[in-house]
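Everything below concerns the one structure shown next.
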Amino acid sequence: MNYHNVSFVTSVTDRKGFIHDGRPQIVFSGKSNVGKSSVINCLLKRKNFARVGGTPGKTVHINYFSVDSAAYFVDLPGYGYAAVSKAERDRWGRLLEAYFSEEGLISGGVMIVDCRHRPTADDVTMAGWFRSAGCPVIVAANKCDKVKRSELEGNLTLIRETLGLGDGVPVLPFSAEKGTGRDELAAWIDALAPGAER
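Taking my numbering, the leading residue of the sequence shown gets 73, the next gets one more, and so forth.
Okay, here's the thing in structure tokens:
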């Protein structure tokens, strides 16, 4: 699998559009302003592959990207943006619930949180959904370049405790801006999709 051979496949608005072809699906989640698109772009070494919106809450569908026709990166809608209507938030919630309830779809989850802050209630809910799916999960603590080195370990511990993560779940300091943690995240994904080139 070659990370440089990547293409957009489809945007899905309901469960009829979910892809069931047996290829690994690596799921990316995070609140609306956490830099989820930037993390995906960093991972792919592309500047603008996944859209980086000026307005939080721009990703309102489940977006599938094919990586070397061997696996999918699945970009979930950002959550927790107050300016979005309640009806729209409810629609997103139903879409995510439907996706997570499909057996055998999710090969692994990349949960993106803000390294500077305690995870939100929505983050805790998302962590619970990943647990219920029974898939391997890694937490990318983005924006770690904006945290003092002396505070980093404490922030990572707070993230782990707030999300109720087991000892086997990695919490990775990450900076989409600086590339910190990129190779470690790619290596974790490689284990789920063997043969990936980084």
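Cβ coordinates follow ideal geometry from the N, Cα and C atoms, glycine included. The structure presented is a predicted model; accordingly, all values stated were derived computationally and were not measured.
Please name the residue in the options whose C-alpha comes closest to that of residue i.
i: His92; options: Glu175, Asp162, Glu169; result: Glu175
i: Gly152; options: Ser179, Asp140, Pro191, Asn135; result: Pro191
i: Asp233; options: Lys250, Cys207, Val211; result: Correcting the residue type first, residue 233 is Glu in the shown sequence and not Asp. Ranking Lys250, Cys207, Val211 by Cα distance to Glu233 puts Val211 first.
i: Ala199; options: Asn214, Ala143, Gly181; result: Gly181
i: Glu207; options: Ile231, Ala263, Val84; result: The residue asked about is misnamed: residue 207 is Cys in this sequence, not Glu. Considering only alpha carbons, the answer is Ala263.
i: Gly238; options: Arg221, Phe202, Arg166, Ala258; result: Phe202
i: Asp186; options: Asp86, Cys216, Gln97; result: Cys216
i: Ile261; options: Tyr136, Val219, Gln97; result: Gln97
i: Ser242; options: Leu116, Leu224, Met183, Leu148; result: The residue asked about is misnamed: residue 242 is Pro in this sequence, not Ser. Minimum Cα distance to Pro242 is reached at Met183.
i: Asn74; options: Asp195, Gly94, Ala143, Ser110; result: Ala143
i: Leu177; options: Val146, Val196, Arg166, Ala259; result: Val146
i: Phe80; options: Gly94, Ile134, Ala193; result: Ile134
i: Arg166; options: Val111, Thr252, Thr85; result: Thr85
i: Ser179; options: Thr229, Phe100, Leu168, Ser83; result: Phe100
i: Ser110; options: Ser204, Asn214, Ser83, Gly89; result: Asn214
i: His76; options: Asn105, Gly89, Cys114; result: Cys114
i: Phe90; options: Ala159, Leu116, Ala170; result: Ala170
i: Asp195; options: Gly236, Gly240, Thr229, Glu160; result: Gly236
Using the Cα positions of residue i and residue j, report the straight-line distance between them to the nearest angstrom.
i: Gly107; j: Val209; result: 18 Å
i: Arg188; j: Ile231; result: 10 Å
i: Asp140; j: Lys103; result: 27 Å
i: Val172; j: Ser138; result: Reading the sequence as shown, one finds Phe at residue 172 and not Val. Distance between the alpha carbons of Phe172 and Ser138 is about 19 Å.
i: Val219; j: Asn120; result: 25 Å
i: Lys250; j: Gly226; result: 21 Å
i: Leu224; j: Gly253; result: 14 Å
Which residue marks the beginning of the alpha helix (DSSP H) containing residue i, and which one marks its end?
i: Gly165; result: 158–173
i: Asp195; result: 193–205
Just to confirm the assignment, what range does the beta strand (DSSP E) spanning residue i have?
i: Gly180; result: 180–186
i: Val209; result: 209–214
i: Ser138; result: 134–139
i: Ala143; result: 143–147
Quiz prompt | Length-filtered (3 minimum) beta strand (DSSP E) runs lying within the segment 228–254 | solution = Entirely contained in the segment 228–254, the beta strand (DSSP E) runs reaching 3 residues are, in chain order, 243–245.
Quiz item: Where are the alpha helix (DSSP H) runs, 4 residues long or more, that stay fully inside the segment 83–120, in chain order?
Solution: Annotation note: the segment 83–120 contains the following uninterrupted alpha helix (DSSP H) runs of length 4 or greater, listed N- to C-terminal: 108–116.
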